[in-house]
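K.L.:
With the numbering used here, the residue at position 99 of the sequence shown is 159, and numbering never jumps.
Yeah, the Cβ is synthetic: ideal placement off N, Cα and C, and Gly gets one too.
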Amino acid sequence: MTSEAELVRRIERIKADLAHLGDLRPGTLSMNYNVCGTPNCRCKADPPQKHGPYYHLSYTRYGKSRSEAVHPEHLVQVRAQTRNYQKFQVLIDQWLDASIELDRLRRLGNPPAPRSRRTT
Ligand SMILES: [Zn+2]
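#1: Would you say N67 and G87 are within 8 angstroms of each other, going by their C-beta atoms?
#2: Could you check if R121 belongs to the surroundings of ligand 1, using beta carbon to heavy atom distance under 7 angstroms?
#3: Can you check which of these residues, L81, I74 and R139, is closest to S90 by C-alpha distance?
#4: Looking at T98 and ligand 1, is the gap between the Cβ and the nearest heavy atom below 7 angstroms?
#5: Buried or exposed for A158, going by 16 or more other Cβ atoms inside 10 Å?
#6: To the nearest angstrom, how far is the alpha carbon of H131 from that of P113?
#7: Nearest to I74 by CA position, among V150, N170 and R167, is which residue?
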C-alpha cells in the first residue's frame with residue numbers, strides 16, 4: 061500500500077508539472093481539402109487537385125461545439141497547445157486519483173473517536 065508521505069510527494073510533483081505546462085487549448089485538429097465553384101478549376105481536373113490543405117480546430121466548451129480555422133503557420137503552435145491540454149488532463153486525473161487515495165488513507169488511518177453515549 062502507498063504511504064501517506066508518498067501520496068503527498070506524488071501530488072506535489074503533479075502540481076509542479078502543472079505549473080510548468082505551457083499554453084493549452086482543448087480540441088482536435090483536422091485537415092481537409094476542398095472543391096470550389098469555379099468552372100474548369102484544377103480542383104475538377106482529372107485527377108483533381110483539390111484546394112488545401114485547410115486546418116480546423118474543433119472543441120466543445122460549455123456544451124457548445126466550435127470549430128476554428130487554423131492558419132498553416134500556426135499549426136506547430138496549436139499542436140503544442142492541444143498536446144499540453146492532453147497532458148493537463150492526464151495530470152488532473154493523476155491528482156484526483158492520488159487525492160482520493162490520500163483522503164481514504166487519512167480517514168481510515170485516523171478514524172473518528174467513537175461518540176460517547178449519554179448514560180442515565
Ligand atoms: Zn477549385
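P.N.:
Answer, in terms of the structure:
#1: Looking at the sequence itself, residue 67 is Leu, so the reference to Asn does not match. No; because the gap between Cβ atoms is not below 8 angstroms, this pair is not in contact.
#2: no
#3: R139
#4: yes
#5: buried
#6: Whole-angstrom Cα-Cα distance: 10 angstroms.
#7: Measuring from the Cα of I74, the nearest candidate turns out to be V150.
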